[in-house]
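K.L.:
Once you've had a glance at the structure underneath, I'll fire off some questions.
Protein chains in written order, with this note's numbering: chain P, 1 to 573; chain W, 1001 to 1573.
Put into structure tokens, the structure is as follows:
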């Protein structure tokens, strides 16, 4: 046993070291979602695909994305991600793929899938850490010649190294990244790359997504909409979320010469009326230089702002998918019996970030993937690969499925820690008649869009349960629960009435015959009267052969709805 | 509507910006656990207290820690944390409290509570962001004069600013940090600072922890052990976890001139026999300069290492609390009917990091805090403060309580995402006879110790479910489940037998009398014989007045055990 060393403050001072953010994430790759053999591969696909979609949309290009995963050896794969986007320049290729915390998105207030400038560079670091190989890049911007190069990252300095740069003679526009990874496993499970891309397709009906699996199987998710989502406009912050720190920091950076013009130019929704109201509340002249604002003065401004009713933040930074498109997308991929979709109006959460919640509820058909929102366990060492093909065949295992999205990017992991899951579970479904939410063939699609998604971690797989977000999610879910219950009840009522009518109709001739025996009244007239009685009593129309053609189909539906109804109303149904 | 701008790669290139890690965490404070009004205050206490404990232990000082929270206004508090540790020097005070990713712990392989160099500086940033105030510091190292100063952080540069430095004439050794925070709320809930400190006291029986609440109530958790945990020794990495990247990076940094000596000096457990075995497997001479290793050669080394049986990693870097101390601590604070504790031998997880799992299971008494491992919801706006005092009175609400710790630091949040919770829920408790784990007055104490805890995020509240960690946690829990069931069964059997004996004894004189009437045999002899029969049949001893004094107490216990037994064995009991 070595003798214990007593360590003084002076001794500790010698040990103080600074480390780069790249070293930090190299040692803590799990914080980027790059852990777990299956999860890692999905996270890699996620990073490349979200970057491609963001870039295409910004350049007004209908995205065509191809992801190919090839197996090179045991737990050794090469991932190739290709898009038709704007491409990278000689200057940006290193920063985009080989430097952490560098990028175009961090300082902008607009809805993007990426926002940190970490993801793709994290993948470069992982490739390097596990295989020693650089990431191969081919890119063309449409101007000048496309080029190929290799990117690595120096973790100690958090700097990119771009090598073997070579101009190419064949035309190419877009970006192709090819990276190798060891200690990863490809699975066709509910948390694998294929399911990730399926969900990406659901939330991005304008994107053409192709996947080629290690077995060489090609899956194409065709676009169901030929539009490019309108480009979200980078927003100014809304005053209602401004903190004292924001006022001070932004005031120092502002080109405005007066606090009044600073507030009007650097925040949205601030006009002359608001400035007048603020001036009445604060104890200093708003003609003051915003660079000179003291903490106390900035605090007065924030307090004054709270007294003013501002117009809600602009939604120009937000691009929800839209009720119709979610419906179409779910109908095409989940093929349910019915869908209810809802896009709520924008709200603001702490920090003045606008956000919006979209929900789709699909019932029956292939709804409810049976994975119940829980993640597949990572495979054990030595376990045989046993790809569960349930992803693609969409078997209905009568379990609720919660599909989470943030700015249209699927969230497959960390469900237990996410505001969306929490909101689903804290809604009192029983109040709406749904007794056992877990065991219903229901797909709950939730897309959270915001100019800044408050992820719980740099791995971006779960959303923080901020008060305003939770409230909005719950409101949206309650509205959906009401509509869903209403739909099922109405539908059931209608079908059951038709079944009753059929039953009565079946016995009307017999009853008419019996009555005729007793009363000697006209049998034909009696049948007509009895039929009229049944129809008015049940508020139904006369049977119409054409209309009734699908009745048998509906009757089959009823069986399923009845089963659900038993859940809905318990024993009272 | 503004016209849409089409953005080219060249245009995007202009927008590329780098941002500092401080700016990143300023915008994403939730990733540091600094979100939620209640949670934020707990996280702040956590950051200061873990730093103090680490520093005291390293300097071989029995920790005396005092935390005081005062309310300054609505959602406005000042937190003062004082320790008797080694203190900070003029050089280190800024780095320790005003620069992210700077510190002594990141590069060392030893069990520490802190490991990132982020926490305390994150608090400085938050204080600054919410109040504009610097953090006030008083510190003395025992050499030279103690001094006071104020620390702020420049987020753009991630650099500390130390101002108003003033030497003090009165003696002081240790560190006192005083910081103000707005938009936070103090609560005495299961996720509040008081519960955090209670759990800190349980896992650190050598620490004296005092807390003064905003109401001025002083709570002292006295130390139950007068020892300073042996200082963990910084470890060399174990070869079995070495990656190719490690071999290359460490080879380049090594002072050794040969690969053979590099492996022997820079890894633990590598001796001449291992080197011989490795040499046989690789296709190059181990006399090669380690700085010149190619990826392929390093890969050969890693493959060869896998063929060698190394001694398990040293546990010198690990300092579990120990079975006896956990028992004493739980007995003193939870006051249960029985406790079972277990410290498993060390294991290694991916990356070659040694870790160890400790479990304590306490049943009855104040066990099971009723919070069921779920977090209290954050208070709603405008909601009246309604401090739930259940923390301190420890009412037994017959619910399981999972107390999670990492390197003795309590984990109060993100339970749903933590390997510990996951392990508890994936153990098949029914197999051990425990039918409804959620509703038993059980406290499950789990301490995960490691030289590098794989936290899921920089907020350090949940542990990643690495394969080896999950396996070890499950094994430990299963062992505990067996022991717990065994204890309860044995105990129950013993007490029930004693009750039977009492019942028989009660009727023996009557039976003897009745037999005497028939057989005329000696009544006294019959009583003796009958008593002998009962005792041998039930394998019991003669009643001993002294010993039996607590029998009534045990009889009361039996009622509780019976209730638990019903859970244990279902209807078969």
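Where is the CB? At the ideal position from N, CA and C, for every residue including glycine. Since we're looking at a predicted model, the values are computed, not measured.
Give the secondary structure of residue 340 of chain P by DSSP, where H, G and I count as helix, E and B as strand, and everything else as coil.
P.N.:
Here residue 340 of chain P sits in strand by DSSP.
K.L.:
In chain W, which residues lie less than 9 Å from residue 81 of chain P when you measure between Cβ atoms?
P.N.:
In chain order: nothing, as chain W lies at least about 17 Å away.
K.L.:
Please report whether the beta-carbon of residue 72 of chain P lies at a distance below 7 Å from any beta-carbon of chain W.
P.N.:
By this cut-off, residue 72 of chain P is not an interface position.
K.L.:
In chain order, what residues of the segment 273 to 296 of chain P put their CB closer than 9 Å to some CB of chain W?
P.N.:
Hits within the stretch, in order: 294, 295, 296.
K.L.:
Residue 1013 of chain W by DSSP, collapsed to three states: which one?
P.N.:
Reduced to three states, the DSSP call for residue 1013 of chain W is helix.
K.L.:
Could you check the C-alpha separation between residue 483 of chain P and residue 334 of chain P for me, to the nearest Å?
P.N.:
Their Cα atoms are separated by approximately 19 Å.
K.L.:
Since residue 248 of chain P meets chain W, which of its residues come closer than 9 Å, beta carbon to beta carbon?
P.N.:
Simply 1132.
K.L.:
Write down every uninterrupted run of the alpha helix (DSSP H) in the segment 393 to 434 of chain P whose length is 4 residues or greater and which is fully enclosed by it, in chain order.
P.N.:
Fully enclosed alpha helix (DSSP H) runs of 4 or longer: 419 to 426.
K.L.:
Buried or exposed for residue 1298 of chain W, please, with buried defined as at least 16 other CB atoms from any protein chain shown within 10 angstroms of its CB.
P.N.:
It is buried - the Cβ of residue 1298 of chain W has at least 16 other Cβ atoms within 10 Å.
K.L.:
Whole angstroms are fine: how far does the CA of residue 520 of chain P sit from the CA of residue 507 of chain P?
P.N.:
Approximately 18 Å between the Cα atoms of the pair.
K.L.:
What would DSSP say about residue 1159 of chain W, mapped onto helix, strand or coil?
P.N.:
Correct three-state label for residue 1159 of chain W: strand.
K.L.:
So with CB distances below 7 Å, who are the chain P contacts of residue 1417 of chain W?
P.N.:
Under the 7 Å cutoff, chain P gives 414, 416, 417.
K.L.:
Can you find a C-beta in chain P that's less than 7 Å from the C-beta of residue 1141 of chain W?
P.N.:
Interface residue, yes.
K.L.:
Show which residues of chain W have a CB atom less than 9 Å away from the CB atom of residue 146 of chain P.
P.N.:
Chain W residues near residue 146 of chain P: none, gap ~11 Å exceeds 9 Å.
K.L.:
With distance defined between alpha-carbon atoms, name the residue in P:73, P:68, P:91, P:95 nearest to residue 82 of chain P.
P.N.:
Considering only alpha carbons, the answer is P:68.
K.L.:
Thinking residue 1235 of chain W and residue 1317 of chain W are a contact (beta carbons under 8 Å), I'd like their distance in whole angstroms, please.
P.N.:
At roughly 4 Å, the Cβ-Cβ gap stays under 8 Å, so residue 1235 of chain W and residue 1317 of chain W are in contact.
K.L.:
Would a check of beta-carbon distances place residue 1086 of chain W closer than 7 Å to chain P?
P.N.:
Yes - at least one Cβ of chain P is within 7 Å of the one on residue 1086 of chain W.
K.L.:
By the 8 Å beta-carbon criterion, what residues does the segment 8 to 42 of chain P contribute toward chain W?
P.N.:
From the segment 8 to 42 of chain P, only 8, 9, 10, 12, 13, 15, 16, 17, 18, 19, 20, 21, 23, 24, 27, 28, 30, 31, 35, 36 have a Cβ closer than 8 Å to chain W.
K.L.:
Could you check where the alpha helix (DSSP H) with residue 272 of chain P kicks off and where it finishes?
P.N.:
Element bounds for residue 272 of chain P: 272 to 281.
K.L.:
Would you give the residue range spanned by the beta strand (DSSP E) that residue 266 of chain P belongs to?
P.N.:
Careful: residue 266 of chain P lies outside any beta strand (DSSP E), inside the alpha helix (DSSP H) at 259 to 266.
K.L.:
In its own chain, which residues sit with a C-beta less than 6 Å from the C-beta of residue 1096 of chain W, not counting the 5 before and 5 after it?
P.N.:
Result list for residue 1096 of chain W: 1088, in chain order.
K.L.:
Three or more C-beta pairs under 8 Å: does that hold for the segment 1412 to 1420 of chain W against the segment 1457 to 1465 of chain W?
P.N.:
The segment 1412 to 1420 of chain W is in contact with the segment 1457 to 1465 of chain W.
K.L.:
If I follow the unbroken beta strand (DSSP E) through residue 349 of chain P, where does it start and stop?
P.N.:
Residue 349 of chain P -> beta strand (DSSP E) spans 347 to 349.
K.L.:
Residue 1244 of chain W touches chain P at which residues, Cβ-Cβ below 7 Å?
P.N.:
Within 7 Å Cβ-Cβ: 132.
K.L.:
Which value, in whole angstroms, describes the spacing of the CA atoms of residue 1253 of chain W and residue 1246 of chain W?
P.N.:
Rounded to the nearest angstrom, the two C-alpha atoms are 10 Å apart.
K.L.:
Would you say residue 562 of chain P lies against chain W (beta-carbon separation less than 7 Å)?
P.N.:
Closer than 7 Å: no.
K.L.:
Assign residue 255 of chain P to buried or exposed, taking buried as 16 or more other Cβ atoms, counted over all protein chains shown, within 10 Å of its Cβ.
P.N.:
By the 10 Å Cβ count, residue 255 of chain P comes out exposed.
K.L.:
Going along the chain, which residues of its own chain have a beta-carbon closer than 7 Å to the beta-carbon of residue 182 of chain P, five neighbours each way excluded?
P.N.:
So the qualifying residues of the chain are 75, 76, 130, 131.
K.L.:
Are the C-beta atoms of residue 266 of chain P and some chain W residue less than 7 Å apart?
P.N.:
For residue 266 of chain P, the answer is no, since every Cβ of chain W falls outside 7 Å of its Cβ.
K.L.:
By the 10 Å Cβ neighbour count, where 16 or more other Cβ atoms means buried, how is residue 362 of chain P classified, buried or exposed?
P.N.:
When all chains shown are included, residue 362 of chain P counts as buried.
K.L.:
Please list the terminal residues of the continuous beta strand (DSSP E) segment that includes residue 180 of chain P.
P.N.:
From DSSP, the beta strand (DSSP E) with residue 180 of chain P extends over 174 to 182.
K.L.:
Among P:240, P:347, P:285, whose alpha-carbon lies nearest the alpha-carbon of residue 260 of chain P?
P.N.:
Ranking P:240, P:347, P:285 by Cα distance to residue 260 of chain P puts P:285 first.
K.L.:
Once DSSP output is grouped into helix, strand and coil, what is the label at residue 1244 of chain W?
P.N.:
In this structure, residue 1244 of chain W counts as helix in the three-state DSSP scheme.
K.L.:
Anything in chain P within Cβ reach of residue 1457 of chain W, meaning under 7 Å, just list it in chain order.
P.N.:
The contacting residues are 31, 456, 457.
K.L.:
Should residue 1176 of chain W be flagged as near chain P, meaning a C-beta pair shorter than 7 Å?
P.N.:
Closer than 7 Å: no.
K.L.:
Which residues mark the beginning and the end of the alpha helix (DSSP H) in which residue 1193 of chain W is found?
P.N.:
Here the alpha helix (DSSP H) through residue 1193 of chain W covers 1193 to 1203.
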